[in-house]
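Residue numbers (my numbering): 163 to 271. Even for Gly, the Cβ is constructed at its ideal location relative to N, Cα and C. All remarks here apply to the structure that follows.
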Amino acid sequence: MRKTLPILALFLLLSQHRAAAIDIGGGLVSTLVGTADSDCKTSSELWNRADIEFIFPRGEKTSARFDVNIFERNGASDFFIRSLYIRRRFRRAHITLGRQPLSWAFGSL
């Protein structure tokens with residue numbers, strides 16, 4: 163169920179924007195990590211991460227967002243959905259459905 167939910171949500175987002183183009187942005191990061199222990203044994207690992215953002219065209223009343231992070235380390239991979247939502251504006255209400263990050267205000271004295 164965990165892996166089918168993003169596919170279902172992506173299908174719903176894509177069905178809202180049939181005639182419009184969808185742009186894809188993001189970045190790729192590869193990190194080589196090396197360690198040496200007290201017995202002079204060394205080892206190395208390659209960590210990969212892809213941050214992918216699907217940029218949906220904003221409609222007059224509908225907007226959507228889908229951002230996902232994909233991780234790979236030692237042959238095992240996983241993903242984290244940063245945001246996946248669809249927002250619809252009506253005359254008297256705005257409805258946002260999905261997962262989105264919360265932004266807390268930061269203050270200091």
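Check your understanding: Looking only at DSSP bridge pairs, what is serine 205 linked to?
Key -> Start at 1 with the first residue of the sequence shown, and residue 205 comes out as number 43. Partner(s): Thr197.
Point to revise | Per DSSP, the bridge partner or partners of arginine 250 | key: Counted from its first residue, the sequence shown places residue 250 at position 88. Its beta-bridge partners are Thr224, Ile257.
Check your understanding: When you compare only the Cα positions, how much space is there between arginine 235 and threonine 197?
Key -> Locating residue 235 in the sequence shown gives position 73, where the first residue counts as 1. Locating residue 197 in the sequence shown gives position 35, where the first residue counts as 1. Cα-Cα distance, rounded: 15 Å.
Practice item. Decide if aspartate 185 is buried, meaning its Cβ has at least 16 other Cβ atoms within 10 Å, or exposed. Key: For this step, residue 185 is matched to residue 23 along the sequence shown. Exposed, since its Cβ has fewer than 16 Cβ neighbours within 10 Å.
Check your understanding: In whole angstroms, what is the alpha-carbon distance linking phenylalanine 242 and valine 191?
Key -> If you number the sequence shown from 1, residue 242 lands on position 80. If you number the sequence shown from 1, residue 191 lands on position 29. Distance between the alpha carbons of phenylalanine 242 and valine 191: 15 Å.
Practice item. Pull up the distance between the alpha-carbon of arginine 244 and that of isoleucine 257, whole angstroms please. Key: As a position in the sequence shown, residue 244 is number 82, starting the count at 1. As a position in the sequence shown, residue 257 is number 95, starting the count at 1. Roughly 19 Å between the two C-alpha positions.
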